[in-house]
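These protein sequence lines are chains A and B, in that order. The first sequence begins at 1 in my numbering and counts up one residue at a time. The second sequence begins at 1001 in my numbering and counts up one residue at a time. All residues carry an ideal CB built from backbone N, CA and C; glycine is no exception. Nothing here was measured: the structure is a model prediction, and the numbers come from that model.
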Amino acid sequence: MLDGLAVVGRKTLLGVAALGRSGVFLLQSLWGWPQSWKALRLWVDQVYSIGVLSLIIILVSGLFIGMVLALQGYTILVDFGAEQALGQMVALSLTRELAPVVAALLFAGRAGSALTAEIGLMKATEQLSSMEMIGVDPLKRIVAPRLLAGFFALPLLSLVFAMVGISGGWMVGVDWLGVDGGAFWSNMQAAVDFRGDILNGVIKSLVFAFVVTWIAVFQGYDLVPTSEGISRATTKTVVYSSLVVLGLDFILTALMFSNI
Amino acid sequence: MRNQRWVEVAVGGFMLLGVLALVFMAFKVSGLAWESDRDSFKVDAYFGDIGGLKTRSKVTLAGVTVGRVASIELDEEWFEARVVLELNTSLEGKLSSDTAAAIQTAGLLGDNYISLTPGIEGSTLGEGDTLKDTQSALILEQLINQFISNSSGD
């Protein structure tokens, strides 16, 4: 009984300590960055490997999610004779929910796990400590460009996701199922508000980008430097970021859209 | 090591794609248009009941959209809804001052909008004027209630 309590207490302390370490880690790596133009080049490299290389999975899944939304929505709406409202249904569900959330989940799986594994392997092969030895701060050289590239890439990816998804919905709805194209766009434009829907979606994905990248990079930096540690940390990155994204999504939705 | 030039081109293309997506979302999806205050003039209207009217609802004249509802607030002196309408500048000085405003519903279940009917007086409406002839929203439940109580009274 007392032992169980001690375990709970120790776990809690460890969790709180990790949270504190990750906060200090974030501040230390972002404080005073970039110091030169050369640092910006590192950032561009990371935007390439985090953002550009994730583009394929985002484009393909966005297209298919938009198409499925249109197909499902059509079969329901046509019962009420309201298939003209297909455009607003596809656009609202994509801009408010699906684009930020699904893009963040895919990003955690595609880019977050890669970040954790990369930094973890650097730590395991003692590249980080040798960097410190020659007077280069790994937090500035390795961590900061990756964090900032992640913060930048995910909002762009989720905008692209929404655009491709709406185009996919248009293809299925208008070209295949025969919804009137004019009604599709004009109902969408009447229902979607730029500030209320699209900017709130972008704010959501900014928050997700911050959280997912932070978790991924910190898990890589903080892991036990063995092969098992790397595999565990990679799993933790994907699990933690997915849970945090879904939980935060509920809170953000409640804050943004509940008062309409 | 990746070719540095290719990385730069790809990242630049990625940023352009992001901007393109934002522009697409803004103009094609949300129908954002460049609206400045100079393109419209404001007119007040007081209603006893606005039903489901919202800000940014349409204002139509002969079925053509000529403006939007800019704001709705409660007038705390008379307990009426004070609705501010933004109308196209091209109508300023053309609508007669006894123009009537009625809250109507698009279809049976559609959104509420305001429909204007021109009057016959010589003086015209300008910025800040008030529409005097207004007709509140028809609320279906009230109509049904009236109908039932009338028919049971016979």
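Do we get a CB-CB distance below 8 Å when we pair residue i with the residues of chain C?
| i | result |
| --- | --- |
| A91 of chain A | As a matter of chain content, chain C is missing from the structure shown, whose protein chains are A and B. |
Which whole-angstrom value is the C-beta distance of residue i and residue j, which I expect to be below 8 Å?
| i | j | result |
| --- | --- | --- |
| F1155 of chain B | T1134 of chain B | A question about residue 1155 of chain B goes unanswered here, because the residues of chain B that appear run from 1001 up to 1154. |
| T1089 of chain B | A1070 of chain B | With 8 Å as the limit, T1089 of chain B and A1070 of chain B do not qualify as a contact, their Cβ atoms being about 14 Å apart. |
| A104 of chain A | L154 of chain A | 6 Å |
| L1022 of chain B | L159 of chain A | 6 Å |
| V101 of chain A | D249 of chain A | 5 Å |
| T1168 of chain B | L1116 of chain B | A query on residue 1168 of chain B cannot be resolved here, the shown segment of chain B reaching from 1001 to 1154 and no further. |
| I1103 of chain B | L1085 of chain B | Rounded, the Cβ-Cβ distance is 11 Å, inconsistent with contact. |
| I1120 of chain B | S1097 of chain B | Wrong, their Cβ atoms sit about 10 Å apart, outside the cutoff. |
| V244 of chain A | I215 of chain A | 7 Å |
Give the interface partners of residue i over in chain A, defined as CB-CB distance under 7 Å, in chain order.
| i | result |
| --- | --- |
| A1008 of chain B | What sits at residue 1008 of chain B in the sequence shown is Glu, not Ala. The answer, in chain order, is V44. |
| V958 of chain B | The structure shown does not extend to residue 958 of chain B, since chain B is modelled only from 1001 through 1154, so no value can be given for it. |
Alpha carbon to alpha carbon, how far is residue i from residue j?
| i | j | result |
| --- | --- | --- |
| Q1004 of chain B | L92 of chain A | 39 Å |
| F151 of chain A | L206 of chain A | 7 Å |
| I290 of chain A | G66 of chain A | As displayed, chain A neither begins before 1 nor continues past 260, which places residue 290 of chain A out of reach and without an answer. |
| K1028 of chain B | V174 of chain A | 16 Å |
| V16 of chain A | I166 of chain A | 42 Å |
| L98 of chain A | D1129 of chain B | 45 Å |
| E1141 of chain B | G1051 of chain B | 11 Å |
| T86 of chain A | V1066 of chain B | It should be pointed out that residue 86 of chain A corresponds to Leu in this sequence rather than to Thr. So the alpha carbons of these two residues sit roughly 26 Å apart. |
| G109 of chain A | G229 of chain A | 18 Å |
| K123 of chain A | W31 of chain A | 22 Å |
| G112 of chain A | A162 of chain A | 21 Å |
| S1136 of chain B | S1057 of chain B | 15 Å |
| G201 of chain A | S1123 of chain B | 47 Å |
| D193 of chain A | L223 of chain A | 44 Å |
| V1009 of chain B | G168 of chain A | 27 Å |
| L148 of chain A | V90 of chain A | 31 Å |
| L1020 of chain B | Q46 of chain A | 21 Å |
| Y240 of chain A | F1024 of chain B | 33 Å |
| S1151 of chain B | N1145 of chain B | 10 Å |
| R141 of chain A | V8 of chain A | 37 Å |
| V1007 of chain B | Q88 of chain A | 37 Å |
| T116 of chain A | K204 of chain A | 23 Å |
| V164 of chain A | I76 of chain A | 22 Å |
| W1078 of chain B | A1101 of chain B | 19 Å |
| A209 of chain A | Y221 of chain A | 18 Å |
| T1060 of chain B | K1094 of chain B | 15 Å |
| D1075 of chain B | S186 of chain A | 34 Å |
| Q219 of chain A | V212 of chain A | 11 Å |
| S29 of chain A | A39 of chain A | 13 Å |
| L1087 of chain B | V1043 of chain B | 8 Å |
| S258 of chain A | I251 of chain A | 10 Å |
| G1012 of chain B | G1018 of chain B | 10 Å |
| T237 of chain A | S61 of chain A | 21 Å |
| L139 of chain A | R195 of chain A | 36 Å |
| L157 of chain A | L19 of chain A | 28 Å |
| S1149 of chain B | L1138 of chain B | 17 Å |
| S22 of chain A | D1039 of chain B | 52 Å |
| L255 of chain A | S242 of chain A | 20 Å |
| K1132 of chain B | R1082 of chain B | 12 Å |
| M131 of chain A | V44 of chain A | 21 Å |
| W170 of chain A | L71 of chain A | 10 Å |
Can you name the residues of chain B whose CB is closer than 8 Å to the CB of residue i?
| i | result |
| --- | --- |
| T310 of chain A | Coverage of chain A is limited to positions 1 through 260, which leaves residue 310 of chain A absent and any answer about it impossible. |
| W197 of chain A | The question names Trp, yet the displayed sequence has Asp at residue 197 of chain A. Those within 8 Å of D197 of chain A in chain B are S1030. |
| M171 of chain A | Residues of chain B passing the Cβ test: none, with the nearest at roughly 14 Å. |
| V192 of chain A | V1029, S1030, G1031 |
I want to verify the contact list: residues of chain A whose CB lies under 8 Å from the CB of residue i, in sequence order.
| i | result |
| --- | --- |
| G1128 of chain B | Residues of chain A passing the Cβ test: none, with the nearest at roughly 26 Å. |
List the residues of chain B whose Cβ lies closer than 9 Å to the Cβ of residue i, in chain order.
| i | result |
| --- | --- |
| L156 of chain A | F1014, M1015, L1017, G1018, V1019, A1021, L1022 |
| A162 of chain A | A1021, F1024, M1025, V1029 |
| T95 of chain A | M1025, V1029, S1030 |
Quick one: list the residues of chain B neighbouring residue i, beta-carbon separation under 7 Å, in chain order.
| i | result |
| --- | --- |
| L159 of chain A | G1018, A1021, L1022, M1025 |
| I65 of chain A | Ordered by position in chain B, no residue passes the 7 Å Cβ test against I65 of chain A, which lies about 15 Å from the chain. |
| I166 of chain A | V1029 |
| M188 of chain A | V1029 |
Point to revise | Near-chain B residues of the segment 217–235 of chain A - C-beta to any C-beta below 9 Å | key: none
Review point. For the segment 51–62 of chain A, which residues have a beta carbon sitting closer than 8 Å to at least one beta carbon of chain B?
Key: G51, V52, L55
Exercise for review: Can you check the segment 118–201 of chain A for any alpha helix (DSSP H) of at least 4 residues that lies completely inside it and give the ranges in chain order?
Suggested key: 127–133, 144–170, 181–191
Check your understanding: Fully enclosed by the segment 69–114 of chain A, which alpha helix (DSSP H) runs are 4 residues long or longer?
Key -> 86–93, 99–107
Practice item. Closer than 8 Å, Cβ to Cβ, to anything on chain B: give me those residues from the segment 127–139 of chain A, in chain order. Key: none
**Study point:** Length-filtered (4 minimum) alpha helix (DSSP H) runs lying within the segment 211–256 of chain A
**Key:** none
Exercise for review: With a floor of 3 residues, list each beta strand (DSSP E) that falls wholly inside the segment 1065–1146 of chain B, ordered by position along the chain.
Suggested key: 1080–1088, 1100–1105, 1112–1117, 1133–1135
Practice item. Please go through the segment 2–35 of chain A and give each complete alpha helix (DSSP H) segment of 4 or more residues, from N-terminal end onward. Key: 2–30
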